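**Q** Note that the protein sequences, when read in sequence, are chains A and D.
With the numbering used here, the residue at position 149 of the first sequence is 149, and numbering never jumps.
With the numbering used here, the residue at position 194 of the second sequence is 194, and numbering never jumps.
Glycine included, C-beta positions come from ideal geometry on N, C-alpha and C.
Treat the numbers as computed from the prediction; the structure is a model and nothing was measured.
There are 2 protein chains.
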Amino acid sequence: MGTREKILEAAAWLFSTRGYAATSLAQVARAAQVSKALVLWYFESKEHLFRAALQHFLTPYEIDAQVLLGLNEYEQVDKLIDDYYDFVADHLPSVKFVLGQVVRGDETSAELVAHVSALYGVYRDLLTSILERGCERHVFPAYIKPAQDAALIMAALNGLLLQHLVEPEGSPMVRDLRTYLKQLVRVRLCAASTQADTSCVVPPASPRREA
Amino acid sequence: MGTREKILEAAAWLFSTRGYAATSLAQVARAAQVSKALVLWYFESKEHLFRAALQHFLTPYEIDAQVLLGLNEYEQVDKLIDDYYDFVADHLPSVKFVLGQVVRGDETSAELVAHVSALYGVYRDLLTSILERGCERHVFPAYIKPAQDAALIMAALNGLLLQHLVEPEGSPMVRDLRTYLKQLVRVRLCAASTQADTSCVVPPASPRREA
DNA sequence: GTCTATATACAGATAGAC
DNA sequence: GTCTATCTGTATATAGAC
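As structure tokens, this is what we get:
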């Protein structure tokens, strides 16, 4: 591995775990086993180094929609849920970093945030189109609103991943919940599609007094 | 407002928006319109100031479970969802800050993270107990698993709030999704537990989007 | 390309006048 | 309590030897 890449990798790691301000060039240099001056020889300034590190993060953010071919609608939804979850779980350091940037609205990484948002949008739109197709073909019940259901499924996934982030312990809870989410989605997409529309079924409006 | 409070408020704001490392005492002093030395006179060190700011954030983190009395199970679930969402939305700066600390696993704020996690747990457990009670009384369908369903609802809420964070623009999308989530939960909790319960059909609350 | 040495700025923190 | 002046360490960045 070239010296430049060594520096870049060290910088990416440090920036992602400690943030921009809390990471010094001296730390980067030490981690990369070079001198401070060499870091600035390759990357004009700390700012430039940071931007280069961002690009390093962006590289793996791609999505392959081809894997869904040949599956029925239910399997497609299942697979998309699993893929999204696994993808984010596999890139937790990057995700942490991006989330950190998002949270503090850092202007220097607007591009990164936009890129990740776009990727998120791709997943959500893909899920939406699967649901749409399922509805058109009457495979899914009529009360499914593709855009909204897709958005909520993604929200639930992001919530689980957030929990995964807060409790990085190998708590099997979150993994179980992913399975439970898939079951729940399946029930919703399966449930009595031929029955009358149940989307307008609500409980009694008048409060029932408790004992 | 006393000088100490003025400093504390400025510090809390800066720490929450820029993070610990990127916030200097000079910035805090300028924001509070005092000298650097005075900041350190009130708060022994930057570290102490930070911890004091954390306490400032913790104060509003309380929950009032009394508001659920007198509501039936469905209304309780609805209200809990709304309350949790509104609470977090009303404390977005604090939440951003906490999330930032969580994301970078900052040791100095482990106490804050623990406190917020505990609060989250309270909400989730409250929701779980509502679902449990509903199941015991056969108001909710038998396929409901209180713990898992509660966790997923909370995850979905957190996902929505995360989205709210990323797109702070007044996009009505997220707010609509909250309503849709409540409908979806209601359908799940209502659906055909007993056919008698489906008699309570009212006109759709919101217009349906047809593709 | 890689280093040491150094310039310059700013950080957190202290001393002491008022 | 509040300030100015200052100390000390460390940050980014540059200069120049090799």
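According to DSSP, is D/Phe-140 helix, strand or coil?
**A** Here residue 140 of chain D refers to the residue found at position 140 when the second sequence is read from its first residue. Reduced to three states, the DSSP call for D/Phe-140 is coil.
**Q** Taking C-beta pairs closer than 7 Å, name the residues in chain D that A/Leu-14 reaches, listed in chain order.
**A** Counted from its first residue, the first sequence places residue 14 of chain A at position 14. Going along chain D, no residue has its Cβ under 7 Å from A/Leu-14, so there is no contact; the nearest lies around 11 Å.
**Q** Are the C-beta of D/Gly-121 and some C-beta of chain A separated by less than 7 Å?
**A** Numbered from 1 along the second sequence, position 121 holds the residue referred to as residue 121 of chain D. Chain A, which has no Cβ nearer than 7 Å to the Cβ of D/Gly-121, makes this no.
**Q** Would you kindly work out how many angstroms separate the C-alpha atoms of D/Ser-24 and D/Gln-33, rounded to a whole number?
**A** Translated into positions along the second sequence, residue 24 of chain D becomes position 24. Translated into positions along the second sequence, residue 33 of chain D becomes position 33. Rounded to whole angstroms, D/Ser-24 to D/Gln-33 spans 14 Å at the Cα level.
**Q** Would you say A/Tyr-180 faces chain D, with C-beta separation under 7 Å as the test?
**A** In the first sequence, residue 180 of chain A corresponds to position 180, counting from 1. Yes, its Cβ sits closer than 7 Å to a Cβ of chain D.
**Q** Quick one: what does DSSP say A/Tyr-20 is sitting in, helix, strand or coil?
**A** The residue given as residue 20 of chain A occupies position 20 in the first sequence. Three-state DSSP puts A/Tyr-20 in coil, outside helix and strand.
**Q** Between A/Ala-10, A/Tyr-180, A/Pro-172, A/Ile-63, which lies nearest to D/Pro-146 when the distance is taken from Cα to Cα?
**A** Position 146 of the second sequence, counted from the start, is the residue given in the question as residue 146 of chain D. Minimum Cα distance to D/Pro-146 is reached at A/Tyr-180.
**Q** Measure the C-alpha to C-alpha separation of A/Trp-41 and D/Leu-157 and round it to an integer number of angstroms.
**A** Locating residue 41 of chain A in the first sequence gives position 41, where the first residue counts as 1. Locating residue 157 of chain D in the second sequence gives position 157, where the first residue counts as 1. Roughly 47 Å separates the two Cα atoms.
**Q** Listed in chain order, which residues of the segment 41-53 of chain D have Cβ atoms closer than 7 Å to some Cβ of chain A?
**A** Against chain A - using a Cβ distance shorter than 7 Å - the segment 41-53 of chain D contributes no residues.
**Q** Check whether the segment 136-152 of chain D and the segment 99-108 of chain D are in contact - that is, three or more C-beta pairs closer than 8 Å.
**A** Short answer: they don't touch.
**Q** Starting from the beta carbon of D/Lys-96, find every residue of chain A whose beta carbon is closer than 8 Å, and list them in chain order.
**A** Here residue 96 of chain D refers to the residue found at position 96 of the second sequence. What D/Lys-96 touches in chain A: Val-103, Arg-104.
**Q** Can you tell me whether DSSP reads A/His-91 as helix, strand or coil?
**A** Position 91 of the first sequence, counted from the start, is the residue given in the question as residue 91 of chain A. Three-state result, A/His-91: coil.
**Q** Which whole-angstrom value describes the C-beta separation of A/Lys-79 and A/Val-67, a residue pair presumed to lie in contact below a C-beta threshold of 8 Å?
**A** Stepping through the first sequence from its first residue, residue 79 of chain A is reached at position 79. Stepping through the first sequence from its first residue, residue 67 of chain A is reached at position 67. That pair is a contact at about 7 Å.
**Q** Could you give the residue range of the alpha helix (DSSP H) that holds A/Asp-176?
**A** As a working note, residue 176 of chain A is residue 176 in the first sequence. It spans 172-190 - the alpha helix (DSSP H) in which A/Asp-176 sits, taken as one unbroken run.
**Q** I need the DSSP call for A/Val-34, collapsed to helix, strand or coil.
**A** Counting from one through the first sequence, the residue named residue 34 of chain A turns up at place 34. If DSSP states are grouped into helix, strand and coil, A/Val-34 belongs with coil.
**Q** Provide the residue span of the alpha helix (DSSP H) that contains A/Ile-153, from first to last.
**A** Along the first sequence, one-based indexing puts residue 153 of chain A at 153. That run of the alpha helix (DSSP H) goes 146-166.
**Q** So that I know if they touch, is there some Cβ in chain D lying closer than 7 Å to that of A/Leu-92?
**A** Residue 92 of chain A sits at position 92 when you count from the first residue of the first sequence. No, because no Cβ of chain D sits closer than 7 Å to the Cβ of A/Leu-92.
**Q** Would you say D/Leu-68 lies against chain A (beta-carbon separation less than 7 Å)?
**A** Locating residue 68 of chain D in the second sequence gives position 68, where the first residue counts as 1. It does not; no Cβ of chain A falls within 7 Å.
**Q** Taking only three categories from DSSP, how would you classify D/Phe-57?
**A** Against the second sequence, residue 57 of chain D aligns to sequence position 57. Three-state result, D/Phe-57: helix.
**Q** Taking CB distances under 7 Å as the criterion, tell me whether D/Gly-134 reaches chain A.
**A** Here the question's residue 134 of chain D lines up with position 134 in the second sequence. No, D/Gly-134 lies away from the interface with chain A (no Cβ there is under 7 Å from its Cβ).
**Q** Around the Cβ of A/His-138, are there at least 16 other Cβ atoms within 10 angstroms (buried) or fewer (exposed)?
**A** On the first sequence, position 138 is the one that residue 138 of chain A refers to. So A/His-138 counts as exposed.
**Q** Cutting at 7 Å between CB atoms, please list the residues of its own chain near D/Glu-9, excluding the five before and the five after it.
**A** Within the second sequence, residue 9 of chain D is the residue found at index 9, counting from 1. For D/Glu-9, where only same-chain residues beyond five positions count, there are no Cβ hits under 7 Å.
**Q** Quick check: what's the CA-CA separation for D/Ala-211 versus A/Lys-6?
**A** Here the question's residue 211 of chain D lines up with position 211 in the second sequence. Here the question's residue 6 of chain A lines up with position 6 in the first sequence. At D/Ala-211 the pLDDT is 33, less than 50, meaning the model places this residue with poor confidence; the figure from the coordinates comes in the next sentence. Whole-angstrom Cα-Cα distance: 52 Å.
**Q** Any beta-carbon of chain D closer than 7 Å to the one on A/Gln-183?
**A** Taking the first sequence and counting its residues from 1, the one referred to as residue 183 of chain A is at position 183. A/Gln-183 does not count as touching chain D.
**Q** Check each candidate in A/Phe-140, A/Ala-110, A/His-56 and name the one with the smallest Cα separation from A/Val-77.
**A** Position 77 of the first sequence, counted from the start, is the residue given in the question as residue 77 of chain A. Here the closest residue by C-alpha is A/Phe-140.
**Q** Measuring CB to CB, does D/Gln-101 end up less than 7 Å from D/Val-116?
**A** For the purposes of this step, residue 101 of chain D is taken as residue 101 along the second sequence, with counting starting at 1. For the purposes of this step, residue 116 of chain D is taken as residue 116 along the second sequence, with counting starting at 1. Cβ distance not < 7 Å, so D/Gln-101 and D/Val-116 don't count as in contact.
**Q** Looking at the structure shown, is D/Leu-69 part of a helix, part of a strand, or coil, going by DSSP?
**A** For the purposes of this step, residue 69 of chain D is taken as the residue at position 69 of the second sequence. If DSSP states are grouped into helix, strand and coil, D/Leu-69 belongs with coil.
**Q** Which residues in the same chain have their Cβ closer than 6 Å to the Cβ of A/Gly-134, if we skip the five residues on either side of it in sequence?
**A** Your numbering for residue 134 of chain A matches position 134 in the first sequence. Glu-73, Phe-140.
**Q** Answer yes or no: does any C-beta atom of chain D fall closer than 7 Å to that of A/Asn-158?
**A** Taking the first residue of the first sequence as position 1, residue 158 of chain A is located at position 158. Yes, contact with chain D.
**Q** For D/Ser-94, count neighbouring C-beta atoms within 10 Å of its own C-beta (all shown protein chains included) and say buried if the count is 16 or more, exposed if not.
**A** For the purposes of this step, residue 94 of chain D is taken as residue 94 along the second sequence, with counting starting at 1. So D/Ser-94 counts as buried.
**Q** Is there a Cβ of chain A sitting closer than 7 Å to that of D/Ala-21, yes or no?
**A** Here residue 21 of chain D corresponds to residue number 21 of the second sequence, with the count starting at 1. It does: the Cβ of D/Ala-21 has a partner Cβ on chain A nearer than 7 Å.
**Q** Excluding the five sequence neighbours on either side, which residues of its own chain have a C-beta within less than 8 Å of the C-beta of D/Tyr-85, listed in chain order?
**A** Here the question's residue 85 of chain D lines up with position 85 in the second sequence. Contacts found: Leu-157, Leu-160, Leu-161, Arg-178.
**Q** Under 8 Å Cβ-Cβ, which residues of chain D neighbour A/Thr-128?
**A** Here residue 128 of chain A refers to the residue found at position 128 when the first sequence is read from its first residue. Those do not exist, as A/Thr-128 stays about 10 Å from chain D at its closest Cβ, beyond 8 Å.
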